[in-house]
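Numbering (the working numbering), first residue to last: 796 to 1006.
For each residue, glycine too, the CB sits at the ideal point set by N, CA and C.
Here the structure comes first, spelled out in structure tokens, and everything after it is commentary.
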Amino acid sequence: MKNFDLSLYLVTDRALSLGRPLEFIVEEAVKGGVTMVQLREKDCSSLEFYKLGMKLKKILNPLNIPLIINDRLDIALAVDADGLHIGQSDLPWQVARQLLGSDKILGLSVETQQQAEDANHLDVDYIGVSPVFATPTKTDTFQPFGLDGLKRACRVCKHPAVAIGGINLNNAASIIQHGAEGVALVSAISSAEDPANAARELKLEIQKNIR
Ligand code: TZP
Ligand code: MG
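Shown next, in the form of structure tokens:
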């Protein structure tokens, strides 16, 4: 049985970790209560990606916190991660699903309302509504959904949704109030002076608003 909790989902980016090692960020984020971690590193060799994946797996596996790999199916398989997150221009979801197997978590980013609706026909486990707000962390995005767009996407799609893009302590509650099961964040945790405390505060804010 696949068991995962999207409520506080850390997406990594070493470039935004203020020079601190990724393991530190993840260990601190876990102390603060993150419920999922996605290893998402651009400009990373396969060897480096693999090694990071193994390091994070060692931290997360004993705590039953799913490790999801962004984009790289080969790395997800090599480290026996809990799942894979793909975007609209990554491998086709059918290929990912077939090679991952039915017991792994498969997440898909949707960038339009149509894609949110189309995801109903796909064997994925959750959608990432991307981006909900504009963010300097990723600028090559589609038009942000905004809160009303997020609400609509969550309504039309049967899969649980996690929102990403520009989410922080000030707007996390509104994300949950508009139908998402969780928030996915990069900078609000990775660039925080105290990532454990940042995660802890976000967690409280989310728990207050979860149905
Ligand atoms: N996909 C859509 S927005 C985004 C990704 C990976 C970056 C989100 O970063 P932040 O710092 O939480 O706004
Ligand atoms: Mg991708």
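Any heavy atom of the ligand TZP closer than 8 angstroms to the beta-carbon of residue i?
i	result
L811	yes
T932	yes
R867	no
R995	no
S925	yes
R815	no
G941	no
L980	yes
So is residue i buried or exposed if we call it buried at 16+ other beta carbons inside 10 Å?
i	result
F799	buried
G878	buried
R835	buried
P931	exposed
I1005	exposed
F940	buried
S897	exposed
S904	buried
T830	buried
R867	buried
G814	exposed
E976	buried
E823	buried
P926	buried
S841	exposed
P990	buried
Going by DSSP, what residue range makes up the beta strand (DSSP E) through residue i?
i	result
V874	Element bounds for V874: n/a, residue is neither H nor E.
I900	900-905
Consult DSSP for residue i and reduce its assignment to one of helix, strand or coil.
i	result
A810	helix
G828	coil
I863	strand
K998	helix
H954	coil
I854	helix
H880	strand
I971	helix
V821	helix
A914	helix
G923	strand
D929	The question names Asp, but residue 929 is Ala in the sequence shown. A929 falls in the coil class under three-state DSSP.
Q909	helix
G1048	In the structure displayed, the chain extends from 796 to 1006; residue 1048 sits before or after that span and is not available.
G961	coil
Do residue i and the ligand MG come close, with the Cβ less than 8 angstroms from some heavy atom?
i	result
D881	Strictly speaking, residue 881 in this sequence is Ile, with Asp absent from that position. Checking the Cβ of I881 against the ligand MG gives yes.
D885	yes
S841	no
S904	yes
Report back the beta-carbon spacing between residue i and residue j to the nearest angstrom; my notes put them in contact at under 8 angstroms.
i	j	result
L895	L901	6 angstroms
I962	A987	Not quite, the Cβ-Cβ distance comes to about 13 angstroms (not below 8 angstroms), so this is no contact.
L862	L855	5 angstroms
V957	G923	5 angstroms
E1000	L964	6 angstroms
I959	V806	7 angstroms
Hey, quick one: how far does the alpha helix (DSSP H) through residue i stretch, first residue to last?
i	result
V890	888-895
I984	982-985
State yes or no: is the beta carbon of residue i nearer than 9 angstroms to at least one beta carbon in chain B?
i	result
A956	This model lacks chain B altogether, as it is built from one protein chain only.
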